[in-house]
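Below you'll find the structure, written out as structure tokens, and then a few comments.
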Amino acid sequence: MSVSAPYYGDSAVMRTPPPDLPSLLLKERIVYLGLPLFSDDDAKRQMGIDVTELIIAQLLYLEFDNPEKPIFFYINSTGTSWYSGDAIGFETEAFAIADTLRYVKPPVHTICIGQAMGTAAMILSAGTKGHRAALPHASIVLHQPRSGARGQASDIRIQAD
């Protein structure tokens, strides 16, 4: 349980501590994706957060709060891979966010700050038409989609050749 105690600044006026940043952003209808979308349970435990679930919950809350007022979604993420291209998550993590962006009623302004790589670029494109943007020095990188092989070994060999 956290304790909120007043503190004194330079003046003798009693002040209260500032709000935590995520709450302040949410109050202003801002959603921020600043981490990769990882699927590994060990990574989720280490980070202490499930990024996809948090983003979806914020979008749904903002729709409930005011279904008419726009949502601003800032993206700075490598998507479901590291810089090297090694996969750390499944595309379904990004598809869940993209589907939610299209599901919620308020217009969603997607803005790339820094980078939107791979599936994060796909999320950027899922914003409301006419409300997608990138800051001047942002990088948007698309990768070839990963695909799994299915079927019998002989059929997979035919596809590979």
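In the numbering used here, each residue carries its 1-based index in the sequence shown increased by 460.
The beta carbon of each residue, even a glycine, is placed where N, CA and C say it ideally should be.
Three-state secondary structure assigned by DSSP to Leu-584: helix
Sufficient close CB pairs (3 or more, under 8 Å) joining the region 533-541 to the region 574-590: yes
C-beta contact flag for Phe-533 and Gly-590 at 8 Å: no
Per-residue burial, Ala-517 [other beta carbons within 10 Å of its own, 16 or more giving buried]: exposed
C-alpha distance - Ile-571 paired with Asp-615, whole-angstrom precision: 43 Å
Neighbour-count burial assignment, Pro-477, 16 or more Cβ in a 10 Å radius: exposed
Thr-570 - partner residues in DSSP beta bridges: Phe-533 and Arg-592
Inter-residue spacing [alpha-carbon to alpha-carbon] between Ala-594 and Ser-585: 11 Å
Three-state secondary structure (DSSP) of Tyr-622: Since the first residue of the chain shown is 461 and the last is 621, residue 622 is not available in this structure.
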